[in-house]
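Here's the structure, in structure tokens; my notes come after.
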Amino acid sequence: MLVPRSEGALVPLVPRHRNGSATPSGHRHFQPTYEAGLRVGDACISASFARQRGHHRTRFVQRRTRLNTPNREYERLLRVLYEEYEAKFAKSKAAHARAGEVLVDGVSHAARLFEPYPFRAAAAKGARVYDIDGNELIDFWQGHYANILGHNPAVVREALTKALKLGSGLQTGIPEERQAEFSLALAEATGSERVRLTTSGTLATMYAIMLSRAFTGRNLVVKVSGGWHGAHPLALKGVHRTADGFDQVDSTGLPDTTAREIIVTPFNDVDSLRKIFRSMGDRIACFILEPTLGSGFIPATAEFMSAARELTNRCGALLILDQVITGFRYCASGVDRLYKVRPDLSTFGKIIGGGMPVSAVAGRADVMDLACHELEKRVWFNGGTFSAHPLSLLAGKTMIDHLRHHETEIYPTLAARAERLRTGVEKAFADRGILARCTGHADRSVAAGSLVGLYFPVRDDFYASSADEMQDPNLCDVTLRDKALKVGMLLQDVYTMQGLGALSYSHTDQDLERVFEACDVFARRVVANG
Numbered sequence: 233m234l235v236p237r238s239e240g241a242l243v244p245l246v247p248r249h250r251n252g253s254a255t256p257s258g259h260r261h262f263q264p265t266y267e268a269g270l271r272v273g274d275a276c277i278s279a280s281f282a283r284q285r286g287h288h289r290t291r292f293v294q295r296r297t298r299l300n301t302p303n304r305e306y307e308r309l310l311r312v313l314y315e316e317y318e319a320k321f322a323k324s325k326a327a328h329a330r331a332g333e334v335l336v337d338g339v340s341h342a343a344r345l346f347e348p349y350p351f352r353a354a355a356a357k358g359a360r361v362y363d364i365d366g367n368e369l370i371d372f373w374q375g376h377y378a379n380i381l382g383h384n385p386a387v388v389r390e391a392l393t394k395a396l397k398l399g400s401g402l403q404t405g406i407p408e409e410r411q412a413e414f415s416l417a418l419a420e421a422t423g424s425e426r427v428r429l430t431t432s433g434t435l436a437t438m439y440a441i442m443l444s445r446a447f448t449g450r451n452l453v454v455k456v457s458g459g460w461h462g463a464h465p466l467a468l469k470g471v472h473r474t475a476d477g478f479d480q481v482d483s484t485g486l487p488d489t490t491a492r493e494i495i496v497t498p499f500n501d502v503d504s505l506r507k508i509f510r511s512m513g514d515r516i517a518c519f520i521l522e523p524t525l526g527s528g529f530i531p532a533t534a535e536f537m538s539a540a541r542e543l544t545n546r547c548g549a550l551l552i553l554d555q556v557i558t559g560f561r562y563c564a565s566g567v568d569r570l571y572k573v574r575p576d577l578s579t580f581g582k583i584i585g586g587g588m589p590v591s592a593v594a595g596r597a598d599v600m601d602l603a604c605h606e607l608e609k610r611v612w613f614n615g616g617t618f619s620a621h622p623l624s625l626l627a628g629k630t631m632i633d634h635l636r637h638h639e640t641e642i643y644p645t646l647a648a649r650a651e652r653l654r655t656g657v658e659k660a661f662a663d664r665g666i667l668a669r670c671t672g673h674a675d676r677s678v679a680a681g682s683l684v685g686l687y688f689p690v691r692d693d694f695y696a697s698s699a700d701e702m703q704d705p706n707l708c709d710v711t712l713r714d715k716a717l718k719v720g721m722l723l724q725d726v727y728t729m730q731g732l733g734a735l736s737y738s739h740t741d742q743d744l745e746r747v748f749e750a751c752d753v754f755a756r757r758v759v760a761n762g
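Okay, so the sequence shown: first residue is 233 according to this note's numbering, each after it adds one.
What follows is the structure, given as structure tokens:
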């Protein structure tokens, strides 16, 4: 059961104690205001948030930083949380043990694994996941952020059911009209000249880099620290922070050349990016960039995006926007439309599949055509057995059409609700003396979207601007977020990722209230444990 909070949903300018009095320090919480404008002509949503940063003067940092390193308080809190979790998710514990007898780690994706073990889903609908122990969870993972309408939306489910009843849907390996219909819908929505389909974001980014290398005749790939572009040899460097920063290859079993051919630059650091292109621009094939970092949901600044386009143009390199997460998340197109920065190639996935496996590389015809089978030397962009799967294309086309037709309803609603979530979560922790900050706010170029991250600064004046900083234990309480918070929120029936996660159109204001209550319960437990 959730313990209800005494405060209401609205956020006062001055946070209050449980007795309703203002904080003695006069600690002020920034209050966002929402202004949304819709330009139906180009099907683009723009929104802006005016946001004031107050100075958080309340003395709560020392309590939290003690949790940032292994000690008695830290160990006691995790031990109690894990014990309660194992009682609440007992059937999942047994199921995970059985899975571990044959599956490596008991799962098929590292992001689905966490301590002490992941729960097992039985069903999902809308904002909810139902597990094998009978728990009903508010879900912000939402299929790796793919389910923008929520789990199993009726519009997609009905289209798939109809196709299966007509005897259509399973793979034939023969071209169908749906391939062209889906590709045309994606090209029209994103303004792309050519599209090629595959099955995962990993494959899409791999093929995009291969196309860039073939087009430029160069080898070097530039990416940002903390950026994730899938588990392939052309991008597996600088993903995770180590003692040496982000300059390490992230996997064994890769060629020795990987470390030399992938150049890592800090996110949103224009000066560092300029230095790289100044020193080795004639050897760079491409700069691949997530417009919003999947690890933390921090958007690229307008200056960084503009510099990326300027420098790649000047040096003859290609700009690849990895829009596997951001595509159709901010508007019914790629987020490049909001930045007004045109990439050479974009990769798409997640949302464009409508809950089914499909991804795409889209962009300039002269680059994409290097995959044409008529060329003697071509990029072997063949996809795989299940590329352009009929059901995936039907689900994806249905989703793209729905988002385009309902753009002016869906995206402003998501943006407003996400901002309410950010404000309420920050307040829930502040009311218990814990400094928490959310990511995903709007800036001058990009509307606030439905991706919401959370971190716990160890200094009052610190605001994270990159994954580097969010993973730095000298700046943020990484343990509190990545271990204690996830399990603590699950005990209150809320499933989070990156601190919070992705809102869907199915999440309601009542769901947000339950999240605020869950944060309050968890915050009180943290305070009680030191």
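No residue lacks a Cβ here, since even glycine has one placed at the ideal position from N, Cα and C.
Predicted, not measured: the structure shown is a model, and the values here were computed from it.
Under the three-state reduction of DSSP output, Gln703 falls in the coil class, being neither helix nor strand. Taking the C-beta atoms as reference points, Ala750 is found nearer than 9 Å to Val726. Inclusion of Ser324 and Phe346 in the CB contact set at 9 Å is not warranted, their separation being larger than that value. Secondary structure note for Glu639: its alpha helix (DSSP H) is the uninterrupted segment Glu639 to Ala662. Sequence-distant partners of Ser538 (beyond 5 residues in either direction) whose C-beta falls short of 7 Å from its own C-beta, in its chain, are Val573. DSSP places Glu307 in the helix class (H, G or I) of the three-state scheme.
Look at Ser324 here: in three-state DSSP terms it is helix.
In this structure Gln742 is exposed. Its beta-carbon is surrounded by fewer than 16 other beta-carbon atoms within 10 angstroms. For Lys357, there is no enclosing alpha helix (DSSP H); the residue is found in the beta strand (DSSP E) stretching over Ala353 to Lys357. The Cβ atoms of Ala734 and Gln374 sit closer than 9 Å to each other. When C-alpha distances from Asn706 are compared across Arg492, Lys718, Thr558 and Tyr687, the shortest belongs to Tyr687.
In this structure, the CA atom of Arg561 is about 22 Å from the CA atom of Arg596.
Where Tyr439 is concerned, the enclosing alpha helix (DSSP H) starts and stops at Gly433 to Thr448. Taking C-alpha positions only, Glu522 is separated from Ala532 by approximately 8 Å.
Per DSSP, the beta-bridge partners of Arg669 are Tyr687. Between Leu602 and Val593 a beta carbon distance of about 11 Å is seen, past the 8 Å cut, so the two are scored as non-contacting.
Assignment of Glu420 by DSSP, reduced to helix, strand and coil, places it in the helix class. Val339 and Tyr695 have their alpha carbons spaced roughly 34 Å apart. Gly459 has its alpha-carbon roughly 10 Å from the corresponding atom of Asp554. Out of Thr558, Ile520, Leu525 and Phe321, the CA that lies nearest to the CA of Leu543 is found in Ile520. For Cys708, no beta strand (DSSP E) run applies, since DSSP gives it neither H nor E.
Spanning the alpha carbons of Val747 and Ala680 requires a straight line of approximately 19 Å. Taken in chain order, the unbroken stretches of beta strand (DSSP E) that lie wholly in the stretch 505-557 and span 3 residues or more are 516-521 and 550-555.
Here DSSP, grouped into helix, strand and coil, assigns Phe372 to coil. According to the DSSP assignment, Ala592 belongs to the beta strand (DSSP E) that extends over Ser591 to Gly595. By the C-beta density criterion, Asn500 is buried, having at least 16 other C-beta atoms within 10 angstroms. In this structure, the alpha-carbon of Leu402 lies about 14 Å from that of Ala391. In the DSSP assignment, Ala386 is bridged to no other residue.
The beta strand (DSSP E) runs of length 3 or more contained entirely in the stretch 584-630 are, from start to end of the chain, 591-595. When rounded, the separation of the alpha-carbon atoms in Pro465 and Phe613 is 16 Å. Counting along the chain, Lys455 sits inside the beta strand (DSSP E) bounded by residues Leu452 to Val456. With a cutoff of 9 Å on beta-carbon distance, Gly433 and Val334 are scored as not near each other. Across the set Val684, Met600 and Arg654, the C-alpha of Met600 shows the shortest separation from the C-alpha of Arg428.
Taking the C-beta atoms as reference points, Ser698 is found nearer than 9 Å to Ser457.
Beta-bridge partners assigned by DSSP to Phe580: Gln555 and Ala592.
Looking from the CA of Leu551, the closest CA among Val361, Leu310, Glu651 and Thr448 belongs to Thr448.
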